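The next block holds one structure in the form of structure tokens; read it before the comments.
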Amino acid sequence: MTLISGKLPGTVVLAVAGAAGTSLIVTSYRLAEWQHGSPFPLFWLGLLLFAVPAIAVAGRRDVSPSVRLGVLVGYAAFTYLPKLLRNPDGPLYHDEFAHWRQSQEILTDGRLFETNPIVRVIGDFPGLHATVASIAALAGISVWQAALVVLVLAHVLVVLGVAVLAGDLWGNPRVAAVAAVIYSLNSSFLFFDTQFGYESLAIPLLIWTLVTLLRALRASLRAARLGWSALTLLLAGATIATHHLTALWLIGVMLLVSTVLSVRSFRSVATATAWALTGATAALVAAWLIWVSPRTAGYLDPYFGQALDQAAGMAGKHGSGSRQLFSQSIAPWWERAAAFVAPPIAMLGMGLAVIRLWRDRSGGPVDRSARLSLLILGSLYFPAALLILTPSGAEGARRSWAFSYLGIALVVAPVVGALLNRFRFIAGGLLAVTTVLLVGNVAAGMNPSYRFPGPPAFGSDTRAASPEMLAASAWLRRTQGRDLRIVADRYSGLIFGSYGGQDPVTGSGTFPTYDLYLAEPGRPISAPLLSQLQSWRFGYLVVDRRMALEVPDIKIYFETNEPIPHGDRPAFTLAQLTKFDSLPWTIKIYDSSDVAIYRFDFGSLRASASGGTP
Numbered sequence: 001m002t003l004i005s006g007k008l009p010g011t012v013v014l015a016v017a018g019a020a021g022t023s024l025i026v027t028s029y030r031l032a033e034w035q036h037g038s039p040f041p042l043f044w045l046g047l048l049l050f051a052v053p054a055i056a057v058a059g060r061r062d063v064s065p066s067v068r069l070g071v072l073v074g075y076a077a078f079t080y081l082p083k084l085l086r087n088p089d090g091p092l093y094h095d096e097f098a099h100w101r102q103s104q105e106i107l108t109d110g111r112l113f114e115t116n117p118i119v120r121v122i123g124d125f126p127g128l129h130a131t132v133a134s135i136a137a138l139a140g141i142s143v144w145q146a147a148l149v150v151l152v153l154a155h156v157l158v159v160l161g162v163a164v165l166a167g168d169l170w171g172n173p174r175v176a177a178v179a180a181v182i183y184s185l186n187s188s189f190l191f192f193d194t195q196f197g198y199e200s201l202a203i204p205l206l207i208w209t210l211v212t213l214l215r216a217l218r219a220s221l222r223a224a225r226l227g228w229s230a231l232t233l234l235l236a237g238a239t240i241a242t243h244h245l246t247a248l249w250l251i252g253v254m255l256l257v258s259t260v261l262s263v264r265s266f267r268s269v270a271t272a273t274a275w276a277l278t279g280a281t282a283a284l285v286a287a288w289l290i291w292v293s294p295r296t297a298g299y300l301d302p303y304f305g306q307a308l309d310q311a312a313g314m315a316g317k318h319g320s321g322s323r324q325l326f327s328q329s330i331a332p333w334w335e336r337a338a339a340f341v342a343p344p345i346a347m348l349g350m351g352l353a354v355i356r357l358w359r360d361r362s363g364g365p366v367d368r369s370a371r372l373s374l375l376i377l378g379s380l381y382f383p384a385a386l387l388i389l390t391p392s393g394a395e396g397a398r399r400s401w402a403f404s405y406l407g408i409a410l411v412v413a414p415v416v417g418a419l420l421n422r423f424r425f426i427a428g429g430l431l432a433v434t435t436v437l438l439v440g441n442v443a444a445g446m447n448p449s450y451r452f453p454g455p456p457a458f459g460s461d462t463r464a465a466s467p468e469m470l471a472a473s474a475w476l477r478r479t480q481g482r483d484l485r486i487v488a489d490r491y492s493g494l495i496f497g498s499y500g501g502q503d504p505v506t507g508s509g510t511f512p513t514y515d516l517y518l519a520e521p522g523r524p525i526s527a528p529l530l531s532q533l534q535s536w537r538f539g540y541l542v543v544d545r546r547m548a549l550e551v552p553d554i555k556i557y558f559e560t561n562e563p564i565p566h567g568d569r570p571a572f573t574l575a576q577l578t579k580f581d582s583l584p585w586t587i588k589i590y591d592s593s594d595v596a597i598y599r600f601d602f603g604s605l606r607a608s609a610s611g612g613t614p
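Given below as structure tokens:
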């Protein structure tokens, strides 16, 4: 560490390490894309080559505030590189297609709150899309370039926000830096919360809302308290306008702080302020969900309901509802081992934090109440980790860790700081533990297909954009126009709904369009479904014949609740998918190797739906 003890040598070492680390990450991506070997060792070597010395510098006691700030900013920027290098040119993940489409529509048409065909509810939360579209219009750059500007800044603000919040809670710059590093170890930090998605902007908004809330509660002067309170409500309003779940988590954290503060100091200005701000934020969120986005509850309900049902099934006699971790995963053994070790390490850290908080008497009622509230928040990580064993709960569990890990980071950081103060020789061991947590949490939170490139694959949210599918969507838009209502599977819908500019539907319990594909040749198709297609003016059908040849990579054909068996063999036959060639009310207008597009003949469709002869 002598090389990085000084200001200039440390800067040079980190710059060289960053350049070398970036080269190794790029090389690992090329290996994955060309399938010339395992990309995992090179990826982690490249990431840790910069991250480890940066963490070591940020956690030093004798580092100046300006150097510590610069290192944290550099660390935040470098940890955005894996996602940036993964897809620098355009959307890749499932939700990115939806958010890119929504921002593009705002830039083109200038209208907010338009329904999104890929994720119906995101149009009700335009904070991210309006920001991106505004930057694109003002700077004269593309929507994707504007999105990268917003996402990089948001990622940096996450790291700095955690550091500021920890500094306010503990009054120690070293502990503040450690807290920022611990938070960066959560499973969403590298890939999920760096994607073009509303969480990526909403989470820094939540963190900075908590910063202003804490300062409002600690303010001794009325003018300062009112100023910080106004800023808290402004940021809370921006949060609900950006993302529903983050806003609900914000209310939960504010309720925790208010409740604990009431127990500790019932009759105080801080308690009254906490409840006033919590009530006002809850009213903002409720008003938004009632009048702006009333369909949010219906959108979230199936995820929560199924997760609870499957969790109950796991506890039952036959263990129904469970899923096997790393099933058919190509992740190396050491990644999987680290994923299983990470929760016990976090539990050990939380146990030490409980002991420290029990003995700690520093700070006023506000600080102590906030610390206890964050301890409770961090403890939610562990029951959520159990939900990863359920198919429906897994997605919610992964999303929750970005919030619960904030509590872990803020209460465990002073424990780490105390260990470093008393036992200098332990620094190397703590860096090793940090590495294990980083590797394990990322492995538990993201599949390799999300993290590494590769050839186009059927049934993969990240590799759906095959040249053939892109060509089909471009042809339909060029020849028939945009905003067409089409029936498609999940993966065709991603491409046709984003790059193609169409309005696809991929099926639901109330509109089971997958029954079109499931119908056997020569058997009648549901008359109510055909009536819905006609009355809702659906004009086109997209058929990907790979559904009869391959099993989807993520075991979903249309949507999570589909009544389709998910085994080791395709759920469709080629006859089911080619029957549209001979139906009188579907006219083939496009055909390639795997993709066919049909136009509905509404005259014949009316006759079929009513039982007449076309």
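In terms of the working numbering, the numbers along the sequence shown are unbroken and rise by one, the last being 614.
For every residue, glycine included, the Cβ atom is placed at its ideal position computed from N, Cα and C.
Remember, predicted model here, so these are calculated numbers, not experimental data.
*Does the Cβ of LEU190 have 16 or more other Cβ atoms within 10 Å, making it buried, or fewer, making it exposed?*
Here residue 190 refers to the residue found at position 190 when the sequence shown is read from its first residue. LEU190 should be labelled buried.
*asked:* For ARG478, count the other beta carbons within 10 Å of its own beta carbon; 16 or more makes it buried, fewer makes it exposed. Which is it?
replied: Numbered from 1 along the sequence shown, position 478 holds the residue referred to as residue 478. Burial call: exposed.
*Between which two residues does the alpha helix (DSSP H) containing LYS83 stretch?*
Locating residue 83 in the sequence shown gives position 83, counting from the first residue. Here the alpha helix (DSSP H) through LYS83 covers 81-86.
*Mind checking whether LEU14 and LEU49 have CB atoms under 8 Å apart?*
Translated into the one-based positions of the sequence shown, residue 14 becomes position 14. Translated into the one-based positions of the sequence shown, residue 49 becomes position 49. The criterion of a C-beta distance shorter than 8 Å is not satisfied by LEU14 and LEU49.
*Which of helix, strand or coil DSSP assigns to GLY6*: Walking along the sequence shown from the start, residue 6 turns up at place 6. Caution applies to GLY6, whose pLDDT of 44 falls short of 50 and renders its modelled position unreliable; the model cannot decide the point.
*asked:* Please classify ALA51 as buried or exposed, where buried requires at least 16 other C-beta atoms within 10 Å of its C-beta.
replied: On the sequence shown, position 51 is the one that residue 51 refers to. Result: buried.
*Cβ pair VAL156, ALA287 closer than 8 Å*: Residue mapping note: residue 156 aligns to position 156 of the sequence shown, counting from 1. Residue mapping note: residue 287 aligns to position 287 of the sequence shown, counting from 1. For VAL156 and ALA287, no; Cβs fall outside 8 Å.
_Between the CA atoms of THR246 and HIS318 - distance to the nearest angstrom_ = On the sequence shown, residue 318 is found 318 positions in, with the first residue counted as 1. On the sequence shown, residue 246 is found 246 positions in, with the first residue counted as 1. Reliability fails at HIS318, whose pLDDT of 47 lies under 50, so the model's placement of it is uncertain and no value is given.
*Hey, out of GLU335, LEU300, LEU410, LEU406, whose CA is closest to ASP367's CA?*
Start at 1 with the first residue of the sequence shown, and residue 367 comes out as number 367. Residue LEU410 is the option with its Cα nearest to ASP367.
*asked:* Just to confirm, is the Cβ distance from ALA241 to GLY127 under 8 Å?
replied: Numbered from 1 along the sequence shown, position 241 holds the residue referred to as residue 241. Numbered from 1 along the sequence shown, position 127 holds the residue referred to as residue 127. Yes.
*Would you kindly report the start and end of the unbroken beta strand (DSSP E) that includes ALA465?*
Indexing the sequence shown from 1 puts residue 465 at position 465. Run containing ALA465: none; DSSP gives neither H nor E here.
_Whole-angstrom distance between TRP401 and ALA488, CA atom to CA atom_ = Residue mapping note: residue 488 aligns to position 488 of the sequence shown, counting from 1. Residue mapping note: residue 401 aligns to position 401 of the sequence shown, counting from 1. Cα to Cα, the separation comes out at about 33 Å.
*SER362 and GLY378 closer than 8 Å at C-beta*: In the sequence shown, the residue the question calls residue 362 occupies position 362. In the sequence shown, the residue the question calls residue 378 occupies position 378. No.
*Counted within 10 angstroms of its Cβ, other Cβ atoms place LEU221 as buried (16 or more) or exposed*: The residue labelled residue 221 in the question sits at position 221 within the sequence shown. LEU221 is exposed by the Cβ-count criterion.
*What did DSSP end up calling VAL505 once you bin it into helix, strand or coil?*
Against the sequence shown, residue 505 aligns to sequence position 505. Strand, per DSSP.
*How long is the line joining the alpha carbons of GLN35 and SER592, rounded to whole angstroms?*
On the sequence shown, position 35 is the one that residue 35 refers to. On the sequence shown, position 592 is the one that residue 592 refers to. Roughly 27 Å separates the two Cα atoms.
*Same chain, Cβ closer than 7 Å to SER339, five either side skipped, listed in chain order*: Within the sequence shown, the letter at position 339 stands for residue 339. Residue identity check: residue 339 is Ala in the sequence provided, not Ser. Around ALA339: GLY440, ALA443, ALA444.
*Grab me the residues of VAL415's own chain with a C-beta within less than 7 Å of its C-beta, minus the 5 sequence neighbours each way, in chain order.*
Position 415 of the sequence shown holds residue 415. Closer than 7 Å at Cβ, skipping near neighbours: GLY349, LEU352, ALA353, ARG356.
*Whole-number beta carbon distance between ALA571 and PRO565, since they are thought to touch under 8 Å*: Looking up residue 565 in the sequence shown gives position 565. Looking up residue 571 in the sequence shown gives position 571. Yes, PRO565 and ALA571 are in contact; Cβ-Cβ is about 6 Å, under 8 Å.
*Report back the beta-carbon spacing between PRO204 and PRO504 to the nearest angstrom; my notes put them in contact at under 8 Å.*
Locating residue 204 in the sequence shown gives position 204, counting from the first residue. Locating residue 504 in the sequence shown gives position 504, counting from the first residue. Their Cβ separation, rounded to whole angstroms, is 32 Å, which puts PRO204 and PRO504 out of contact at 8 Å.
*Flag this pair as touching only if the stretch 127-145 and the stretch 155-170 have three or more C-beta atom pairs under 8 Å; answer yes or no.*
no
*Kindly indicate which three-state DSSP category THR27 falls into: helix, strand or coil?*
What you label residue 27 is simply residue 27 of the sequence shown in a count that begins at 1. Of the three classes helix, strand and coil, the one that applies to THR27 here is helix, per DSSP.
*Go through its chain and collect everything with a Cβ distance to ASP581's Cβ below 7 Å, but skip five positions before and after it.*
Numbered from its first residue, the sequence shown carries residue 581 at position 581. Contacts found: LYS588.
*Can you tell which of SER187, PRO455, TYR183, ALA154 has its C-alpha closest to the C-alpha of GLU33?*
The residue you call residue 33 lines up with position 33 of the sequence shown. Nearest option by C-alpha distance: PRO455.
*Could you please give me the residues that DSSP links to ARG485 through a beta bridge?*
Locating residue 485 in the sequence shown gives position 485, counting from the first residue. ASP503, per the DSSP bridge assignment.
*asked:* On a Cα-Cα basis, can you pick out the residue from ALA384, GLN102, PHE600 that is closest to ILE486?
replied: Along the sequence shown, one-based indexing puts residue 486 at 486. Ranked by Cα distance from ILE486, the first of ALA384, GLN102, PHE600 is PHE600.
*Sort THR271, ARG267, SER187 by Cα distance to LEU213 and report the nearest one.*
What you label residue 213 is simply residue 213 of the sequence shown in a count that begins at 1. Nearest option by C-alpha distance: THR271.
*asked:* If I measure Cβ to Cβ from SER473 and keep anything under 7 Å in the same chain, skipping five residues before and after, which residues do I get?
replied: Residue mapping note: residue 473 aligns to position 473 of the sequence shown, counting from 1. A distance below 7 Å between beta-carbons, with the five flanking residues on each side excluded, links SER473 to the following residues of its chain, in chain order: ILE495, PHE496, TYR499, GLY500.
*If you run the structure through DSSP and keep just helix, strand and coil, what is LEU190?*
Stepping through the sequence shown from its first residue, residue 190 is reached at position 190. If DSSP states are grouped into helix, strand and coil, LEU190 belongs with coil.
*asked:* If I follow the unbroken beta strand (DSSP E) through THR586, where does it start and stop?
replied: For this step, residue 586 is matched to residue 586 along the sequence shown. Where THR586 is concerned, the enclosing beta strand (DSSP E) stretches over 586-591.
*What is the DSSP secondary structure of ILE290, reduced to helix, strand or coil?*
For the purposes of this step, residue 290 is identified with residue 290 of the sequence shown, where counting begins at 1. In this structure, ILE290 counts as helix in the three-state DSSP scheme.
*asked:* What does the alpha-carbon distance come out to for the pair VAL158 and SER66?
replied: Numbered from its first residue, the sequence shown carries residue 158 at position 158. Numbered from its first residue, the sequence shown carries residue 66 at position 66. Near 18 Å, if we compare the C-alpha coordinates of SER66 and VAL158.
*8 Å contact criterion, which ALA647 and SER103 should meet: CB distance rounded*: Residue numbering for the chain in the displayed model covers 1 to 614; residue 647 lies beyond these limits and cannot be assessed.
*Cβ-based burial, GLU105 [other Cβ within 10 Å; buried from 16]*: Locating residue 105 in the sequence shown gives position 105, counting from the first residue. Burial call: buried.
*Quick one: what does DSSP say VAL119 is sitting in, helix, strand or coil?*
By 1-based counting over the sequence shown, the position of residue 119 is 119. If DSSP states are grouped into helix, strand and coil, VAL119 belongs with coil.
*Which partner residues does LEU541 have in the DSSP bridge list?*
Looking up residue 541 in the sequence shown gives position 541. LEU541 is bridged to VAL487, TYR598.
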